[in-house]
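In my numbering, the protein residues as written are 297 to 647. Built from N, CA and C at the ideal position, the CB exists for glycine as well. Reading through the structure tokens given below for one structure.
Put into structure tokens, the structure is as follows:
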């Protein structure tokens with residue numbers, strides 16, 4: 297038979313600060329923090345850890361600040377003395393903040409719902425003592441509440457709701473006593489898809505996920521590079537520019553990618569003494585290749601300037617002496633005539 301929420305709250309607030317209590321809060325040391333194995337199902341609330349506290353309000357408008365499996369990150373104000381350890385949540389009352397319990401990472405299954413109990417919060421007020429002592433109950437812990445100190449506590453019930461894809465928002469269902477100023481126990485309901493059972497990921501599962509992600513990234517990169525290569529290098533248009541997944545095209549793209557990497561390494565100077573050839577404006581690598589490049593430049597310059605026997609060496613000036621001998625005189629005899637035999641000065645052929 298399920299334990300009524302009202303009785304659970306009374307049990308929580310009536311316990312001493314160092315009490316380890318009831319099967320509801322039974323800890324399994326083999327479980328990881330904020331996880332639970334139950335009837336072949338695996339539950340994990342670690343995704344609910346947040347960098348910003350979850351906030352909600354009471355019916356009277358007092359603000360709640362709550363986090364899961366970790367302390368709250370919001371600054372508290374005039375937190376009541378006696379609160380020790382990390383505060384899992386607090387409610388902002390008129391005269392200061394009231395801790396609703398310390399951090400707890402032990403999940404339990406209670407009435408087919410994933411639950412988390414927070415205890416050892418701020419000391420309850422005198423009115424809370426009186427109300428708990430006068431509450432009708434056969435439980436001996438509750439009847440001794442007037443003689444034992446009580447501390448703030450909470451009972452959080454996580455409901456599996458696949459319609460709530462995000463973290464969801466906690467909601468205050470009930471508090472004991474009902475007045476905000478004297479409330480010391482709180483019943484909170486939280487609907488989220490993170491409370492649904494899930495498969496536990498092992499080493500093999502992690503490797504498979506990694507391989508799938510890596511394969512998708514490689515296919516995406518290949519598709520993008522192949523499309524760009526077909527369109528801007530091969531100048532293909534239309535359907536021809538779409539990537540091909542044949543082995544031949546894959547080898548071609550691999551070669552292009554290797555060439556791109558080599559060119560990038562040379563341009564950023566990762567090669568052995570990479571430098572620019574002053575004649576060809578191409579990159580050369582190594583001192584030996586630089587010397588060969590310089591010799592090639594000298595030969596090119598010598599060829600352009602004419603070299604030995606060239607036009608410049610034939611004559612430096614049109615009116616100066618020829619290097620091969622004296623320049624023939626225009627009044628020289630026929631033997632020294634520059635025209636071939638049988639050809640007149642006007643270019644007429646004599647028969």
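Span separating the alpha-carbon of residue i from that of residue j
| i | j | result |
| --- | --- | --- |
| residue 458 | residue 493 | 11 Å |
| residue 510 | residue 503 | 10 Å |
| residue 564 | residue 554 | 16 Å |
| residue 349 | residue 338 | 25 Å |
| residue 495 | residue 375 | 40 Å |
| residue 528 | residue 548 | 15 Å |
| residue 488 | residue 365 | 15 Å |
| residue 345 | residue 401 | 11 Å |
| residue 441 | residue 398 | Since pLDDT at residue 441 reaches only 44, below the 50 mark, its modelled position is unreliable, and no value is offered. |
| residue 422 | residue 501 | 54 Å |
| residue 341 | residue 523 | 44 Å |
| residue 415 | residue 353 | 20 Å |
| residue 472 | residue 372 | 22 Å |
| residue 475 | residue 383 | 22 Å |
| residue 403 | residue 367 | 16 Å |
Counted within 10 angstroms of its Cβ, other Cβ atoms place residue i as buried (16 or more) or exposed
| i | result |
| --- | --- |
| residue 369 | exposed |
| residue 420 | buried |
| residue 351 | exposed |
| residue 526 | buried |
| residue 551 | exposed |
| residue 330 | buried |
| residue 506 | exposed |
| residue 508 | exposed |
| residue 462 | exposed |
| residue 355 | exposed |
Beta-bridge pairing of residue i - partner residues as DSSP gives them
| i | result |
| --- | --- |
| residue 666 | One cannot answer for residue 666 here, as it falls past the ends of the chain, which runs 297 to 647. |
| residue 481 | 449, 472 |
| residue 383 | 398 |
| residue 409 | 406 |
| residue 350 | 362 |
| residue 504 | None; residue 504 has no bridge partner. |
| residue 455 | 487 |
| residue 388 | 393 |
| residue 562 | For residue 562, which the question treats as bridged, DSSP gives no partner whatsoever. |
Own chain residues within Cβ distance below 6 Å of residue i, not counting five before or after
| i | result |
| --- | --- |
| residue 558 | none |
| residue 469 | 483, 485 |
| residue 454 | 410, 486, 491 |
| residue 405 | 334 |
| residue 456 | 491, 492 |
| residue 326 | none |
Chain-order list of residues whose beta-carbon lies under 8 Å from that of residue i (same chain, five-residue window excluded)
| i | result |
| --- | --- |
| residue 533 | 527 |
| residue 460 | 487, 488, 489 |
| request: Indicate whether the contact test is met: 3 or more Cβ pairs, each with one atom in the stretch 532-546 and one in the stretch 511-522, closer than 8 Å. | output: Yes: the two stretches touch, three or more of their Cβ pairs being nearer than 8 Å.
| message | Whether or not the stretch 445-456 and the stretch 466-484 are in contact is what I'm after, with contact meaning three or more pairs of Cβ atoms, one per stretch, closer than 8 Å; do they touch? | response | As far as the Cβ criterion goes, the stretch 466-484 touches the stretch 445-456, which means the pair count is three or higher.
| message | Any contact between the stretch 353-366 and the stretch 387-405? By contact I mean 3 or more CB pairs, one from each, below 8 Å. | response | For the pair of segments examined, the stretch 353-366 was found to touch the stretch 387-405: the number of CB pairs separated by less than 8 Å reaches three.
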